[in-house]
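Protein chains: 2
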Amino acid sequence: MAAATTLRKSDRKLQHILWHAAEVFAEKGFEGASIRDISRSSRVSLSGLYYYFESKQKLLYLIQYHAFSSILEELQSRLAGVASPEQRLAILIQNHLDYFLQHPAESKVLSHEAEALEEPYRREVAAIKRRYYQLALEIYRELAGAGGARSINPRIAVLGLFGMINWVYTWYNPKVDPRAKELAGTMAQMFLNGVMNGHSSGAAAGTKSAASGAGSGKSGGSRVHKNGGR
Amino acid sequence: MAAATTLRKSDRKLQHILWHAAEVFAEKGFEGASIRDISRSSRVSLSGLYYYFESKQKLLYLIQYHAFSSILEELQSRLAGVASPEQRLAILIQNHLDYFLQHPAESKVLSHEAEALEEPYRREVAAIKRRYYQLALEIYRELAGAGGARSINPRIAVLGLFGMINWVYTWYNPKVDPRAKELAGTMAQMFLNGVMNGHSSGAAAGTKSAASGAGSGKSGGSRVHKNGGR
DNA sequence: TAAATTTTTGAACGAACGTTCGATTCAAGC
DNA sequence: GCTTGAATCGAACGTTCGTTCAAAAATTTA
Numbered sequence: 000m001a002a003a004t005t006l007r008k009s010d011r012k013l014q015h016i017l018w019h020a021a022e023v024f025a026e027k028g029f030e031g032a033s034i035r036d037i038s039r040s041s042r043v044s045l046s047g048l049y050y051y052f053e054s055k056q057k058l059l060y061l062i063q064y065h066a067f068s069s070i071l072e073e074l075q076s077r078l079a080g081v082a083s084p085e086q087r088l089a090i091l092i093q094n095h096l097d098y099f100l101q102h103p104a105e106s107k108v109l110s111h112e113a114e115a116l117e118e119p120y121r122r123e124v125a126a127i128k129r130r131y132y133q134l135a136l137e138i139y140r141e142l143a144g145a146g147g148a149r150s151i152n153p154r155i156a157v158l159g160l161f162g163m164i165n166w167v168y169t170w171y172n173p174k175v176d177p178r179a180k181e182l183a184g185t186m187a188q189m190f191l192n193g194v195m196n197g198h199s200s201g202a203a204a205g206t207k208s209a210a211s212g213a214g215s216g217k218s219g220g221s222r223v224h225k226n227g228g229r
Numbered sequence: 000m001a002a003a004t005t006l007r008k009s010d011r012k013l014q015h016i017l018w019h020a021a022e023v024f025a026e027k028g029f030e031g032a033s034i035r036d037i038s039r040s041s042r043v044s045l046s047g048l049y050y051y052f053e054s055k056q057k058l059l060y061l062i063q064y065h066a067f068s069s070i071l072e073e074l075q076s077r078l079a080g081v082a083s084p085e086q087r088l089a090i091l092i093q094n095h096l097d098y099f100l101q102h103p104a105e106s107k108v109l110s111h112e113a114e115a116l117e118e119p120y121r122r123e124v125a126a127i128k129r130r131y132y133q134l135a136l137e138i139y140r141e142l143a144g145a146g147g148a149r150s151i152n153p154r155i156a157v158l159g160l161f162g163m164i165n166w167v168y169t170w171y172n173p174k175v176d177p178r179a180k181e182l183a184g185t186m187a188q189m190f191l192n193g194v195m196n197g198h199s200s201g202a203a204a205g206t207k208s209a210a211s212g213a214g215s216g217k218s219g220g221s222r223v224h225k226n227g228g229r
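This is the structure we're talking about:
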């Protein structure tokens, strides 16, 4: 618990910048936010920022890539050993919403600024997104194959589910809305009942709560671009 | 059919500009799009545009207001005379998706640029949005009261439904995805079955297709700001 | 302490932004 | 043909944008 968790000082500062940048992008939108806004928010001088990333686009990429990787990584860890398709889908929903409510700014940047990312970076994030979508589709097909779901277009079912989840950032209000666990339970119930022939409706609400934290155990990784090189 | 449909030449040109502006905003985002982009796309000179609207914000407002009014107006017309909550909800979904797939640019601007609108205009659009939400909530409560829905938080049910629908603009591909009618049928089926105790599952898929066009019969309305206002 | 390396900065670059304005063209009414 | 108002435009305004760079400060290595 000592060697793997070491972060260089510059790595920690990059994280610091990424966090503030996500907040600013979430509040003003990627195009509406200026590097000067991020400089003000993070208390790093304007030119100083460019020591840690090479362009505004790369900054957006780093935020999106990190967020998506965290979600997918944590999901795969939570899915390990669970066989029931109902439970696997419930876990996917729970995991997604856990991250969204724990990292609202990063999540909003992920959902709302997907098109703002330009081409060398865009395909990289799109690739992770595709893996995530394929995983969901797989689970849905197990669900449909095993229990026998209603004759619903799987693509629409899965993308409808993602819509339900991803839209949360536009309306979620911690003062009136339930915590992640209950919210995920409700959505899982809605989706599973909506999509399946009614026979086992108990699996949706109660998820065995496998590792509620969404911490990422990545080591190394972020590197200063000046000398890190291609 | 003659007097009410007359549009002044300047009104038609404003519509022309609004259409191109919606296309540009949809493609590049509100902040990412420049007035010069709209000038290029609409073939109206840069300064010429300001004869028809007074600011970029007002332009965004006009697009959003017009789109939302069309949806709500058409919905109320389609709902007239329909009593069954299931059918009313199916009509809402159908109507929303009809508009979204027939006016993709305006829809995207409506869904994606809600936060880009600033304060005098923002509350006006928010007011229509609230009416729309309340109408959906009303229908949902009729549904829950009458047939007896599962114990699902109504707010989350309705906002989840809106998420499913509003997210469509991020993935819809006319080459592989079904037309509005079938898409709406699938989503209505998912939502109704997901939310209700399974007893009448027939009402979801088949909507009686009441007036498929989403044309607005508004007259007058848009006015050149130079001499029209206070 | 001196040299080498990493980190931070102020000042500036050209480009693009939203908006304005005076002047010009156009279309009716007399 | 002249007048009047609506419609259109080129050129420019002041600001802000993302990014760069040489130099200074801070830190590490020898």
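Chains as they are written, first to last, in numbering that gives the first Met the number 0: chain A, 0 to 229; chain B, 0 to 229.
Beta carbons are placed, not taken as given, at the ideal position from N, Cα and C, and that holds for glycine.
Since the structure is predicted, the reported quantities are computational estimates derived from the model, not experimental observations.
Below 8 Å between beta carbons: does that hold for L88 of chain A and A179 of chain A? Position 89 of the first sequence holds residue 88 of chain A. Position 180 of the first sequence holds residue 179 of chain A. No.
Scan the region 165 to 176 of chain B for residues whose Cβ lies nearer than 8 Å to a Cβ of chain A and list them as they occur along the chain. N165, W166, V167, T169, W170, V175, D176
Extent of the continuous alpha helix (DSSP H) run through H102 of chain B: Residue numbering aside, residue 102 of chain B sits at position 103 when the second sequence is read from its first letter. Where H102 of chain B is concerned, there is no enclosing alpha helix (DSSP H), given that its DSSP letter is neither H nor E.
Output, in sequence order along the chain, the residues in the region 62 to 93 of chain A whose CB is closer than 8 Å to any CB in chain B. none
E30 of chain A versus chain B: which residues are under 7 Å apart at the beta carbon? Within the first sequence, numbered from 1, the residue matching residue 30 of chain A stands at position 31. Residues of chain B passing the Cβ test: G28, E30, G31.
Considering only residues of the region 140 to 197 of chain B, which uninterrupted alpha helix (DSSP H) runs meet the minimum length of 4 residues and lie entirely inside it, listed in chain order? 153 to 165, 179 to 194
I'd like to know whether the C-beta of G144 of chain B is nearer than 8 Å to at least one C-beta of chain A. In the second sequence, residue 144 of chain B corresponds to position 145, counting from 1. Taking Cβ atoms only, chain A never reaches closer than 8 Å to G144 of chain B, which makes this a no.
Determine which residues of the region 93 to 121 of chain A have a Cβ less than 8 Å from any Cβ of chain B, and write them out in chain order. H111, A113, E114, A115
Is the region 63 to 83 of chain A touching the region 45 to 55 of chain A, taking contact as three or more C-beta pairs under 8 Å? no
Use the C-beta contact count for V108 of chain B: other C-beta atoms within 10 angstroms, 16 or more gives buried, fewer gives exposed. On the second sequence, residue 108 of chain B is found 109 positions in, with the first residue counted as 1. Looking at its Cβ environment, which holds 16 or more other Cβ atoms inside 10 Å, V108 of chain B is buried.
Does the ligand SAM have a heavy atom nearer than 7 Å to the CB of Y49 of chain B? Among the components modelled here there is no ligand, and therefore nothing to report on the ligand SAM.
Let me confirm a value: R129 of chain A is counted as buried when at least 16 other C-beta atoms fall within 10 Å, else exposed. Which label applies? Residue 129 of chain A sits at position 130 when you count from the first residue of the first sequence. With fewer than 16 Cβ atoms within 10 Å of its Cβ, R129 of chain A is classed as exposed.
Out of A:S106, A:E141, A:A143, point me to the one whose CA is closest to H235 of chain A's CA. This structure cannot settle anything about residue 235 of chain A, because the visible part of chain A is limited to 0 through 229.
Could you compute how far the alpha carbon of V23 of chain B sits from the alpha carbon of I127 of chain A? Taking the first residue of the second sequence as position 1, residue 23 of chain B is located at position 24. Taking the first residue of the first sequence as position 1, residue 127 of chain A is located at position 128. Taking the straight line from one Cα to the other gives about 28 Å.
Which class does L116 of chain B belong to by DSSP, given the choice of helix, strand or coil? Translated into the one-based positions of the second sequence, residue 116 of chain B becomes position 117. Coil at L116 of chain B, not helix or strand.
By the three-class DSSP mapping on this structure, what secondary structure does G31 of chain A have? Your numbering for residue 31 of chain A matches position 32 in the first sequence. Looking at G31 of chain A - three-state DSSP - the assignment turns out to be coil, as it is neither helix nor strand.
I'd like to know if G47 of chain B contacts chain A, where contact means its C-beta is closer than 8 Å to some C-beta of that chain. Within the second sequence, numbered from 1, the residue matching residue 47 of chain B stands at position 48. For G47 of chain B, the answer is no, since every Cβ of chain A falls outside 8 Å of its Cβ.
C-alpha distance - A203 of chain A paired with N152 of chain B, whole-angstrom precision: Within the first sequence, the letter at position 204 stands for residue 203 of chain A. Within the second sequence, the letter at position 153 stands for residue 152 of chain B. Since pLDDT at A203 of chain A reaches only 41, below the 50 mark, its modelled position is unreliable, and the value read off the structure follows with that caveat. Their Cα atoms are separated by approximately 15 Å.
Cα-Cα separation between L17 of chain B and A32 of chain B, rounded to whole angstroms: Within the second sequence, the letter at position 18 stands for residue 17 of chain B. Within the second sequence, the letter at position 33 stands for residue 32 of chain B. Each residue's alpha carbon lies about 14 Å from the other.
How big is the Cα-Cα spacing for L160 of chain B and F161 of chain A? Counted from its first residue, the second sequence places residue 160 of chain B at position 161. Counted from its first residue, the first sequence places residue 161 of chain A at position 162. About 11 Å.
Measure the C-alpha to C-alpha separation of R77 of chain B and G184 of chain B and round it to an integer number of angstroms. Stepping through the second sequence from its first residue, residue 77 of chain B is reached at position 78. Stepping through the second sequence from its first residue, residue 184 of chain B is reached at position 185. Cα to Cα, the separation comes out at about 16 Å.
Within the continuous alpha helix (DSSP H) that includes E73 of chain B, where are the two ends? Position 74 of the second sequence, counting from 1, holds the residue named residue 73 of chain B. Residues 55 to 78.
Cβ atoms of E112 of chain B and L59 of chain B: under 8 Å apart, would you say? For the purposes of this step, residue 59 of chain B is taken as the residue at position 60 of the second sequence. For the purposes of this step, residue 112 of chain B is taken as the residue at position 113 of the second sequence. Going by C-beta atoms, L59 of chain B is nearer than 8 Å to E112 of chain B.
I want to see whether chain B comes within less than 8 Å of G184 of chain A, judged by CB atoms only; does it? Counted from its first residue, the first sequence places residue 184 of chain A at position 185. It does not; no Cβ of chain B falls within 8 Å.
Once the 5 residues before and after L45 of chain A are set aside, which same chain residues still bring their CB inside 7 Å of it? Sequence index remark: in the first sequence, residue 45 of chain A carries index 46 (1-based). Cβ within range, chain order: I34, R35, S38.
List the residues of chain B whose Cβ lies closer than 7 Å to the Cβ of A125 of chain A, in chain order. On the first sequence, residue 125 of chain A is found 126 positions in, with the first residue counted as 1. The premise fails here: A125 of chain A is roughly 12 Å from chain B at the closest Cβ pair, so nothing lies under 7 Å.
Whose C-beta lies closer than 7 Å to the C-beta of A21 of chain A among residues of the same chain, with five residues either side of it excluded? The residue you call residue 21 of chain A lines up with position 22 of the first sequence. I62, A104, E105, V108.
Cβ of I90 of chain A within 8 Å of Cβ of I164 of chain A? Stepping through the first sequence from its first residue, residue 90 of chain A is reached at position 91. Stepping through the first sequence from its first residue, residue 164 of chain A is reached at position 165. Not closer than 8 Å, so no.
Determine the chain A residues that contact G156 of chain B at a beta-carbon separation under 9 Å, and present them in chain order. Within the second sequence, the letter at position 157 stands for residue 156 of chain B. Before going on, a small fix: residue 156 of chain B reads as Ala here, not Gly. What A156 of chain B touches in chain A: T185, M189.
Leaving aside the five residues before and after S200 of chain A along the sequence, list all residues of the same chain whose C-beta is less than 7 Å from its C-beta, in chain order. To locate residue 200 of chain A, count along the first sequence from 1; it is residue 201. With a pLDDT of only 40 at S200 of chain A, under the threshold of 50, the placement of this residue in the model should not be trusted, and no figure is reported.
Is F24 of chain A helix, strand or coil by DSSP? Residue numbering aside, residue 24 of chain A sits at position 25 when the first sequence is read from its first letter. Looking at F24 of chain A - three-state DSSP - the assignment turns out to be helix.
Relative to the C-alpha of L158 of chain B, which residue among A:G47, A:K174, A:D10, A:Y168 is closest? As a first step, residue 158 of chain B must be located in the second sequence, where it is residue number 159. Taking only the C-alpha atoms, the option nearest L158 of chain B is A:Y168.
Could you check if A25 of chain A is buried or exposed, using at least 16 other CB atoms within 10 Å of its CB as the buried criterion? Translated into positions along the first sequence, residue 25 of chain A becomes position 26. Classification for A25 of chain A: buried.
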